[in-house]
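> Residue 468 in the numbering used here is what sits at position 468 of the sequence shown, and the numbering runs on without skipping anything. Cβ coordinates follow ideal geometry from the N, Cα and C atoms, glycine included. Structure incoming, see below.
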Amino acid sequence: MTYLRTAIILSLIVQLLCLPITKANAASAKPTTLEELDAQISTITEQANIPSVAYALLDKTGIEWLQVNGLANIETQGKASPQTLYRIGSVSKMLTSIAIMKLVEQGRLHLDDEVASLVPNVKFYNRWQETHPVRVVHLLEHTTGWDDLALKEFARKNNPNESLHDSLSFYPQSRTSRWPAGTRSAYSNSGAAVAASIVEKITGKTFEDFVDEAIFTELNMIDATYQHTEQVKSNGATSYKGNRAQAYKHLIYRPAGAVNASISDMAKLTQMFLQRGAPILANESIARMERSESTNAGSVQAAYGLNNDPVKYGPWLYYGHDGSVNGALAELRYLPQAGVGFVILMNSDNQQAMKKIREQIVTYQTQQLSVAKIEAEIQSSQALAELSGYYYTINPGFEVAHFLNRLIAVYKVDAPADKLTVRGLLFQTLPQYFLPVTEGRFKSSEHGLVELTLATDPLAGQVLHYGNKVLKPTSAFAVFGQLSVAILWVVVIFTSVLVLLIWNIRRLFGKKFPKESKSMVLWPCLASLSALILLLSLVLGMQNPYANMGNITPFSLALMLSSIAFALCSVIAGFKIIKLNRKVVGKFSYGYFATCSLVHALVTVYLLVFGVIGLQIWA
């Protein structure tokens, strides 16, 4: 079949032409004054067509700079001001932890208290309850083992007046521990909601009322609110995805991300962290929020704490949280050792613009700081060298995505001289260096805090905790074998779909093929076509995942049905190719379609193992 060689070559050329072409951006000038910083941020917002940006820079004494640029609403041309209310998304979770720590300081609650005893009416599922019960600290450090919210929870049309108890009763199945609580971290929005229900149970007040009295009023955050109030309706920034205005989205769990606040209010919250809790918390409570203690990795300062997520910007470890909700972005960060912090609010979903603005602010705030020299605290040993190898993550936020984690979330660990080097194989490929503190604990060579620890997982055995990731060792053969099959699968999909098209065109024009070639061509190509539909439905559906995948829609149905069709066609193709008389169809054709059938069979088994075949993603 000479047309087969032509089709394969044409398909490969198309794939190469479709590869993304990237162009490096010129480095921006580094701002050294507030005026230069504001000019840089104005340029970024204008180039990215951001409706408005509000930002504040702070130190321990108060606000150093507060600026609001742009429009709160494009349609009405209403300008944003320091009192304009923005949605802050998951930055709201910091308030949940502050509320819990208020109760801890009052002696009314302990972080180690068992959740099942505190709120027995809140359902969750934990088959390790006897040995690893879910505790309050697990809710705040995201170490319950629960999935993040199911797509149907994200997609639900919510009643803004619904009680927290009724919201938590909607879909408790997503609160199922996938591993023993306190062994791995995995971000889950429902943890903040369950923690808020504990606040309600202890105080006898709604969570919103308690936060308003104990936090907002005490910090004089006069405009902050969880509700879509008349003030939010009249003075809130309209959120935008691209240039499309977004209707106000009522979240199923308000404590996880529903706060509306002005830049003035958020500056006050940031200053509270810079003042080490004053006037609402003790310094010890803030320090506890800044470190992770609930996993078997022990106390780690450079990992997710009590809804406080440290992020490394160059050699600087900023604490705080970011947030994203329905066309709005927010970020609150502070650098304790320098006594500086910042807040950024925008009514746009442009993550790249947010990143550029943040980089400019961090550059300005750290320009006068000197980088400390970090040295190892012990000599390297053979145990250090034995950590070298390949690792993959075993703590996905969504269990359904684990098949992708297993494939692409791979890290390479090396042990040159007296340090460890960690780099991602496909992503986060810039090497990170760690120096030994003890035999199983390693600090960053940049900020000097422990970020990498050796631990024993009760299910996976020896693992590395790398920030919020949990890495399990694997072999180079497994890593590159899986990647090779994945790459070959993509090649097979596109080449065989093109082969099927050309084959049918030639048949229409009267070309006669051997009878045996029909099944040889048909079933592998139908498997490829099904796989292509599967991939397209996934990619297109995830453009708006909550609407497209959180309910029964053409996208979610196509994903389920195409996955089943792919598996069935792959099985049939395998049987057909085994029974085929290869002498009749030619060596090249037989070799090509046998390869297609084999690759499809391997991928089918892989997807079956991870529960992707027949996946009802809306359920």
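Considering only residues of the stretch 517-558, which uninterrupted alpha helix (DSSP H) runs meet the minimum length of 4 residues and lie entirely inside it, listed in chain order?
Entirely contained in the stretch 517-558, the alpha helix (DSSP H) runs reaching 4 residues are, in chain order, 545-549.
> Count the other CB atoms, across all protein chains shown, that sit within 10 Å of the CB of serine 285; report buried if there are 16 or more and exposed otherwise.
Looking at its Cβ environment, which holds 16 or more other Cβ atoms inside 10 Å, serine 285 is buried.
> Is it buried or exposed for alanine 193, if we count other Cβ within 10 angstroms and need 16 for buried?
Per the 10 Å Cβ criterion, buried.
> Buried or exposed for aspartate 166, please, with buried defined as at least 16 other CB atoms from any protein chain shown within 10 angstroms of its CB.
Answer is exposed; the Cβ neighbour count stays below 16.
> Considering only residues of the same chain and omitting the five flanking positions on each side of alanine 24, which have a CB-CB separation below 8 Å?
Summary for alanine 24: the model assigns pLDDT 38, below 50, so the residue's position carries little reliability; its value from the coordinates is reported in the next sentence. Excluding positions up to five away in sequence, the list is empty.
> Could you have a look at asparagine 243 and say whether DSSP puts it in helix, strand or coil?
Correct three-state label for asparagine 243: coil.
> Work out the CA separation of leucine 452 and serine 190 for me, nearest whole Å.
Taking the straight line joining both Cα atoms gives about 27 Å.
> Quick one: is leucine 254 buried, meaning 16 or more other Cβ sit within 10 Å of its Cβ, or exposed?
Contrary to the premise, residue 254 reads as arginine rather than leucine in this sequence. Buried.
> In or out: phenylalanine 566 buried (at least 16 other Cβ within 10 Å) or exposed?
So phenylalanine 566 counts as buried.
> Under the DSSP definition of a beta bridge, which residues are partnered with phenylalanine 442?
Beta-bridge pairing links phenylalanine 442 to Pro436 and Leu452.
> So phenylalanine 124 packs on proline 172, CB below 8 Å; how close in whole Å?
The Cβ separation is near 6 Å, so the contact holds.
> Beta-carbon within less than 6 Å of glycine 145's beta-carbon, same chain only, minus the 5 sequence neighbours each way: which residues are those?
The residues are Ser177, Arg178, Trp179 and Ala181.
> Quick one: grab the DSSP three-state call for leucine 164.
Here leucine 164 sits in helix by DSSP.
> How many whole angstroms separate the CB atoms of tyrosine 55 and isoleucine 263, which I take to be in contact at a CB cut-off of 8 Å?
About 7 Å separates the two Cβ atoms, so the contact holds.
> When the distance is taken between beta carbons, is isoleucine 50 closer than 8 Å to alanine 353?
Yes. Within cutoff.
> Taking only three categories from DSSP, how would you classify valine 136?
Helix.
> Quick check: the Cα distance between alanine 256 and alanine 195, rounded to an integer number of angstroms?
Each residue's alpha carbon lies about 10 Å from the other.
> Mapping the DSSP letters down to three states, classify asparagine 326 as helix, strand or coil.
Of the three classes helix, strand and coil, the one that applies to asparagine 326 here is coil, per DSSP.
> Based on the DSSP output, what are the partners of tyrosine 319 in its beta bridges?
Answer by DSSP bridge pairing, in chain order: Tyr334.
> Could you please give the first and the last residue of the uninterrupted alpha helix (DSSP H) stretch that includes asparagine 405?
Note, asparagine 405: alpha helix (DSSP H), 402-408.
> Pairing CB atoms from the stretch 493-501 with CB atoms from the stretch 416-432, are three or more of them under 8 Å?
Counting Cβ pairs under 8 Å, fewer than three are found: no touch.
> If I measure Cβ to Cβ from arginine 175 and keep anything under 6 Å in the same chain, skipping five residues before and after, which residues do I get?
Phe124, Trp146 and Ser190.
> Isoleucine 357: buried (16+ other C-beta within 10 angstroms of its C-beta) or exposed?
By the neighbour-count rule (16 or more Cβ atoms within 10 Å), isoleucine 357 is buried.
> Specify the secondary structure class of leucine 568 as computed by DSSP and reduced to three states.
Looking at leucine 568 - three-state DSSP - the assignment turns out to be helix.
> Serine 52 and alanine 72: beta carbons closer than 8 Å?
For serine 52 and alanine 72, yes; Cβs fall inside 8 Å.
> Between Ala261, Ala478 and Leu37, which lies nearest to aspartate 212 when the distance is taken from Cα to Cα?
That would be Ala261, whose Cα lies nearest to the Cα of aspartate 212.
> Of the residues Thr217, Leu251, Asn243 and Gln47, which one's Cα is nearest the Cα of glycine 546?
With the sequence shown as reference, residue 546 is identified as tyrosine, and glycine is not the correct amino acid for it. Nearest C-alpha to tyrosine 546: Leu251.
> Measure the alpha-carbon distance for lysine 472 versus lysine 412 and round it to whole angstroms.
Cα-Cα distance, rounded: 11 Å.
> Can you grab the Cα-Cα spacing for the pair valine 479 / serine 188, in whole Å?
Approximately 28 Å between the Cα atoms of the pair.
> On the criterion of 16 or more Cβ atoms from any shown chain inside 10 Å, does leucine 243 qualify as buried, or is it exposed?
The sequence given here places asparagine at residue 243; leucine does not occur at that position. Per the 10 Å Cβ criterion, exposed.
> According to DSSP, is glutamate 153 helix, strand or coil?
Glutamate 153 falls in the helix class under three-state DSSP.
> Since tryptophan 700 and isoleucine 572 should fall inside the 8 Å C-beta cutoff, what is the C-beta to C-beta distance between them, to a whole number of angstroms?
Residue 700 is absent from the model: the chain starts at 1 and stops at 619.
> Is the number of C-beta pairs between the stretch 316-323 and the stretch 83-92 that are closer than 8 Å three or more?
Flag = yes, the stretch 316-323 and the stretch 83-92 touch.
> Could you pull the start and end residues of the beta strand (DSSP E) that glycine 481 belongs to?
Where glycine 481 is concerned, there is no enclosing beta strand (DSSP E), although the alpha helix (DSSP H) it sits in stretches over 476-508.
> Work out the CA separation of glutamate 141 and proline 336 for me, nearest whole Å.
Their Cα atoms are separated by approximately 20 Å.
> Can you look up arginine 423 in the DSSP assignment and give me helix, strand or coil?
Three-state DSSP puts arginine 423 in a strand.
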